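Asks: In the working numbering, the protein residues as written are 172 to 454.
For each residue, glycine too, the CB sits at the ideal point set by N, CA and C.
Predicted model, so just to flag it, every value in this text is computed and none were measured.
Right, I'll just put the structure down here and ask away after.
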């Protein structure tokens with residue numbers, strides 16, 4: 172038995188997706204433990220029309236799963252730690268360490284030389300619910316996530332100072348003042364239009380990182396027991412990296428979408444494969 176789901180980011184983010192999944196599974200097995208979503212997010216962030224692009228149709232995108240076991244993640248966290256005693260959290264999180272490693276190998280294999288006409292950047296997704304005053308419940312249904320951007324130097328040897336710190340700083344900027352600007356001045360729309368314009372023109376070398384770790388992926392019991400395995404289908408656009416806990420919870424599956432040419436270089440990188448326990452193509 173296989174159950175497949177798809178959702179549109181125009182109306183939902185990961186929190187809302189898993190809220191729906193949890194309730195659907197509860198209904199299927201006859202449980203009364205059903206969470207009723209709150210459909211009020213549009214009053215906070217009224218929907219607006221954004222520019223679209225057919226860029227996804229021009230690239231043949233491949234999706235591959237790279238599995239990092241617990242010991243590899245420990246090694247990467249140690250690799251990208253800092254000795255700076257002024258840093259409150261000198262050891263990167265699992266996501267920070269893996270993001271740094273994936274970005275460094277992506278640059279090393281696909282961008283061997285710096286192009287002064289291009290911007291190098293990584294995007295991470297932040298949840299706006301916890302950044303409002305008062306914070307919103309996770310039951311608020313909608314796409315209440317925002318991409319944060321960290322513009323980085325071209326450097327295949329990125330580490331704590333050149334990757335972890337800028338990413339942390341970018342996420343910290345999503346605060347109450349930031350949210351106020353988004354709501355009052357259309358700042359979020361302006362941000363997306365500006366970045367999307369650069370992507371369409373090909374002026375930016377980037378990866379977008381998003382994490383489904385810690386979400387109740389394996390709790391969705393439709394009456395047949397918990398899932399044996401949860402995975403992702405191929406996305407239609409490139410340069411997306413998704414983190415997902417393994418079923419044991421100890422390792423992390425990294426699902427990477429790249430165009431065919433970049434993937435052919437990335438997937439054979441010896442330094443990458445030294446940390447990976449298995450690789451699989453998703454069709």
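(1) Where in the segment 310–342 do unbroken runs of the beta strand (DSSP E), each at least 3 residues long, occur, reported from the N-terminal end onward?
(2) Which value, in whole angstroms, describes the spacing of the CA atoms of residue 236 and residue 355?
(3) Can you tell which of 257, 206, 312, 252 has its C-alpha closest to the C-alpha of residue 266?
(4) By Cβ distance below 8 Å, which residues in the same chain neighbour residue 450 in space, the five residues on each side in sequence not counted?
(5) Keeping to the same chain, check which residues put their C-beta closer than 6 Å to that of residue 404; ignore five residues upstream and five downstream.
(6) Let me confirm a value: residue 269 is counted as buried when at least 16 other C-beta atoms fall within 10 Å, else exposed. Which label applies?
(7) Measuring alpha carbon to alpha carbon, tell me which of 191, 334, 412 ends up nearest residue 326.
(8) Going by beta-carbon coordinates alone, are residue 412 and residue 273 separated by less than 8 Å?
(9) To test your reading of the DSSP string, which unbroken alpha helix (DSSP H) runs of 4 or more residues are found completely within the segment 192–278?
(10) Residue range of the alpha helix (DSSP H) that residue 443 falls in?
(11) Flag this pair as yes or no: are the beta carbons of residue 297 and residue 342 separated by less than 8 Å?
(12) Closer than 6 Å by C-beta to residue 178: which residues in its own chain qualify, once you throw out the five before and the five after it? Chain order, please.
(13) Using the Cα positions of residue 348 and residue 420, report the straight-line distance between them to the nearest angstrom.
(14) Would you mind giving the Cβ-Cβ distance between residue 407 and residue 232, rounded to the nearest angstrom? I have them listed as a contact below 8 Å.
(15) Inspect the beta-carbon positions of residue 379 and residue 312 and report whether they are closer than 8 Å.
(16) Report all residues from its chain with a CB closer than 8 Å to the CB of residue 435; omit the five preceding and five following residues, and keep chain order.
(17) Mind reading off the beta-carbon distance from residue 199 to residue 394? Whole number of angstroms is fine, and I expect it under 8 Å.
(18) Would you report the Cα separation of residue 447 and residue 422, rounded to the nearest angstrom?
(19) Please state the DSSP three-state secondary structure of residue 349.
(20) Can you grab the Cα-Cα spacing for the pair residue 228 / residue 202, in whole Å?
(21) Within a Cβ cutoff of 7 Å, which residues of the same chain sit near residue 321, ignoring the five residues on either side of it in sequence?
(22) Using C-beta distances below 6 Å, list every residue in its chain close to residue 415, excluding the 5 sequence neighbours before and after it, in chain order.
(23) DSSP has residue 426 in a bridge; who is on the other side?
(24) What first and last residue would you give for the beta strand (DSSP E) that runs through residue 294?
(25) Would you report the Cα separation of residue 255 and residue 261, rounded to the nearest angstrom?
(26) Would you identify the three-state DSSP class for residue 437, choosing helix, strand or coil?
(27) Relative to the C-alpha of residue 181, which residue among 432, 314, 398, 249 is closest?
Replies: The short version:
(1) 316–323
(2) Residue 236 and residue 355 have their C-alpha atoms some 40 Å from each other.
(3) 252
(4) Take residue 450, set aside five residues on each side of it, and the residues of its chain with a beta-carbon closer than 8 Å to its own are 235, 236, 237, 238, 438, 444, in chain order.
(5) none
(6) buried
(7) 334
(8) Yes, the Cβ-Cβ distance between residue 412 and residue 273 is below 8 Å.
(9) Within the segment 192–278, the runs of alpha helix (DSSP H) at least 4 residues long that lie entirely inside it are, in chain order, 212–215, 241–250.
(10) 441–444
(11) yes
(12) Apart from sequence neighbours up to five positions away, the residues of its chain that approach residue 178 with a beta-carbon distance below 6 Å are 188, ordered along the chain.
(13) CA-to-CA, the gap between residue 348 and residue 420 works out to about 36 Å.
(14) Going by Cβ atoms, the distance from residue 407 to residue 232 rounds to 7 Å, so yes, they are a contact pair.
(15) Their beta carbons are not under 8 Å apart, which means residue 379 does not touch residue 312 by this criterion.
(16) none
(17) 5 Å
(18) 11 Å
(19) helix
(20) Because residue 228 carries a pLDDT of 47, less than 50, the predicted location of this residue cannot be relied on, and no value is offered for it.
(21) 292, 293, 337, 338, 341, listed in sequence order.
(22) 383, 424
(23) 236, 413
(24) 290–298
(25) Whole-angstrom Cα-Cα distance: 7 Å.
(26) helix
(27) If we check each option's Cα against that of residue 181, 314 comes out closest.
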